[in-house]
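Just so you know, the sequence shown maps onto residues 0 to 560 in numbering that gives the first Met the number 0. Idealized CB from N, CA, C, for every residue including glycine. For reference, the structure is listed below as structure tokens.
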Amino acid sequence: MAVDKKTHIKLLEETFKVSPTDIVDKKLYQHGGTRQSKRKTEYIEYANRIAKERGIPAYDPDHIALELEVGVPLGQRYLEPVKISGTDVMCEYEDLHIMNNVAIEQMVDDIFRTAIVCIDLPHKVLVDRYGFEVTPESINTYLETINHTMVGGAVTQEHMCEMHPGPCADGYVKIFTGNDEVASSLDSRFVIDINKEFTPEKAAKLKEGVGDSLWQVSRVPTHALRTMDGAIIHRWNAMGQTMAFIASYHLCAGEAAISDFAYAAKHAQYIWMGTPPFVSKARGHNSVVGLPVGYIFDIIQHESAMPDDPIPVSAEGLAMESILYFALYYGQMMIGTVGVTVAPATFYVNELYESRGAHLVDWIKDKYGGIAQAPMNWDTIHDCTDEATMAAIEEYDTYPLLPEHHWGLIQAVQISLISSACAAWATGKPMAGALAAHYCMSFVQKEALMRTGWGGQESTHHPAMPAMTSVLLDEGLPVELTGINVPFRSPFADSQHYTSHSVVAAHEARMDAWALSPIVKVAFADPHLPFNFRNVRESVAKGALREFEPAGERDVLRPTK
């Protein structure tokens with residue numbers, strides 16, 4: 000979708016139905032209150048039925064604000080709809096709240112219910128300890144068996160209670176390898192075909208990265224993840240995997256070598272989607288807190304427009320990281336209830352990122368001769384930051400409608416993030432993008448221009464900036480390995496936002512096949528996943544329209560109504 004350099008201003012003008020240069024809302028207090036919003040109207044009517052049925056008051060914003068005179072009456076200002084970038088879908092911000100959008104929830108579930116493990120070691124145990132021959136036929140038998148055990152099917156013990164397949168319909172196991180000969184010898188139903196899912200250039204790089212090893216990708220049912228949490232995933236996979244090996248190769252469950260299978264399935268050559276967070280967050284493995292930012296680029300599968308345009312893939316990554324780090328971590332895990340929806344959503348609505356990015360991509364090509372051609376030095380970071388910052392601030396000063404759409408802190412974060420993208424695109428270096436973002440927030444916006452957003456929220460960026468270039472474990476890591484678990488990024492979500500986006504933007508600028516792990520990249524090139532990682536924003540839009548079908552629903556176990 001072609002986006003020009005002022006598309007976002009035109010969209011705001013059409014949405015608000017006023018001139019973008021107007022400085023006064025002449026209809027303030029006359030927009031209709033909560034009733035101007037179809038979603039809020041729906042919520043009020045639904046909550047009234049709940050309150051009547053249970054006898055306890057529920058959601059009722061008009062009664063709380065207008066009759067009890069508590070809080071602020073909602074709807075004094077215009078509650079604008081927004082257009083999800085890269086789509087033609089208009090929705091309300093309510094539709095982008097994590098708890099209201101089943102597509103967003105499924106995206107999170109599909110990431111953290113994934114178990115990735117190399118099965119070379121179990122095969123070595125079969126050959127060395129048992130003297131068995133591992134063949135394509137025996138592997139196919141194992142794959143059929145594990146697709147039974149992974150969804151709670153019993154194989155080696157009688158009197159075991161099994162799970163209803165209905166809520167577990169999204170549970171399955173696949174396999175992949177970089178060896179074309181081996182891949183072609185296996186049952187295609189279970190194979191993630193690298194040659195089919197990627198362009199020839201990227202497929203060649205990924206196959207080299209994966210090598211001859213056999214990697215198993217287990218999708219633990221969403222139902223299980225939601226009933227427990229991410230820490231169950233490696234245990235669930237280990238149980239299903241070990242029982243499948245025992246049954247497929249006719250082993251005795253009590254033998255000492257079985258512990259080798261269990262160890263291999265849970266620990267050896269196992270890839271976590273997320274490490275445990277720091278203790279105060281009290282969660283286990285496979286939490287967004289421990290998700291390395293390099294995985295963002297590896298998980299998204301959007302078709303690249305390089306070498307000419309790094310924006311499409313960068314925009315898809317921006318949508319995902321906005322949801323994971325800003326809306327989920329900061330909005331729900333650290334705050335809860337209303338959370339933070341508007342701030343992260345502004346990064347993937349109304350074509351703002353694409354519109355500003357179009358100007359910066361042209362500027363980079365004119366100044367440096369192309370994408371990822373600029374030298375990695377302070378002059379480049381300084382120039383990219385200045386260009387991105389001043390272009391964005393000029394818009395906020397010229398069009399008062401834009402600050403109405405972006406309240407204080409959103410402005411500051413938006414400007415810093417587009418500075419990050421500019422430096423990352425120019426150099427192809429994630430570190431350049433991360434430094435540009437912190438330099439923009441801490442020095443250009445605050446120290447030079449006296450713009451801090453609300454509450455002096457740039458404070459977290461002062462300690463974070465010098466740590467950007469550190470690889471000490473208590474300060475930082477190579478950018479792709481960082482995450483919210485790194486101390487200087489944990490206090491506030493936007494610190495993480497810059498770093499993660501610099502990784503996506505830089506690796507796309509370099510036309511890399513993956514950022515952190517070729518294994519993770521291939522694991523998510525899976526057309527059977529409920530969430531479509533090739534088109535993140537399109538899937539989120541389906542959730543906003545209530546057209547997305549989530550997994551793990553319990554309808555089959557509920558009373559018939």
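First through last residue of the alpha helix (DSSP H) which encompasses residue i
i: residue 6; result: 6–15
i: residue 49; result: 37–53
i: residue 113; result: Counting along the chain, residue 113 falls outside any alpha helix (DSSP H), though it belongs to the beta strand (DSSP E) covering 113–117.
i: residue 395; result: 377–397
i: residue 244; result: 232–247
i: residue 543; result: 535–543
i: residue 312; result: 310–320
i: residue 296; result: 293–298
i: residue 224; result: 221–226
i: residue 519; result: 517–522
i: residue 402; result: 400–404
i: residue 207; result: 199–209
i: residue 148; result: 135–148
Under the three-state DSSP convention, the category residue i falls into
i: residue 214; result: strand
i: residue 81; result: strand
i: residue 304; result: strand
i: residue 190; result: strand
i: residue 348; result: strand
i: residue 439; result: helix
i: residue 56; result: coil
i: residue 155; result: coil
i: residue 260; result: helix
i: residue 274; result: coil
i: residue 167; result: helix
i: residue 470; result: coil
i: residue 341; result: helix
i: residue 513; result: coil
i: residue 22; result: coil
i: residue 360; result: helix
i: residue 370; result: coil
i: residue 558; result: coil
i: residue 250; result: coil
i: residue 124; result: helix
i: residue 95; result: helix
i: residue 64; result: helix
i: residue 76; result: coil
i: residue 29; result: coil
i: residue 131; result: coil
Bridge partner(s) assigned by DSSP for residue i
i: residue 89; result: 82
i: residue 421; result: Beta-bridge pairing links residue 421 to no other residue.
i: residue 175; result: 214
i: residue 269; result: 116
Top-ranked residue by Cα proximity to residue i, from the options
i: residue 417; options: 391, 125, 401; result: 391
i: residue 163; options: 558, 553, 376; result: 553
i: residue 108; options: 415, 530, 81; result: 530
i: residue 149; options: 515, 131, 132, 169; result: 169
i: residue 161; options: 167, 151, 155; result: 151
i: residue 254; options: 439, 124, 31, 147; result: 124
i: residue 130; options: 16, 157, 249; result: 249
i: residue 144; options: 315, 10, 171, 517; result: 171
i: residue 483; options: 290, 221, 428; result: 290
i: residue 261; options: 510, 237, 244; result: 237
i: residue 227; options: 198, 28, 285, 179; result: 285
i: residue 507; options: 83, 477, 428, 533; result: 428
i: residue 394; options: 376, 252, 413, 516; result: 413
i: residue 135; options: 337, 468, 301, 186; result: 186
Close Cβ partners of residue i (< 7 Å) along its chain, the five nearest in sequence each way excluded
i: residue 521; result: 175, 191, 193, 205, 209
i: residue 0; result: Residue confidence for residue 0 is low, a pLDDT of 44 falling below 50, so the modelled location carries little weight; the figure read from the coordinates is stated next. Cβ within range, chain order: 85.
i: residue 110; result: 272, 298
i: residue 398; result: 8, 19, 20
i: residue 99; result: 93
Cutoff 8 Å; reference residue i; Cβ partners in own chain excluding five residues on either side
i: residue 18; result: 12, 400
i: residue 120; result: 259, 263, 267, 268
i: residue 87; result: none
i: residue 154; result: 144, 147, 148, 242, 243, 245, 246
i: residue 55; result: none
Same chain, Cβ closer than 6 Å to residue i, five either side skipped, listed in chain order
i: residue 548; result: none
i: residue 105; result: 529, 530, 549
i: residue 512; result: 201, 204, 205
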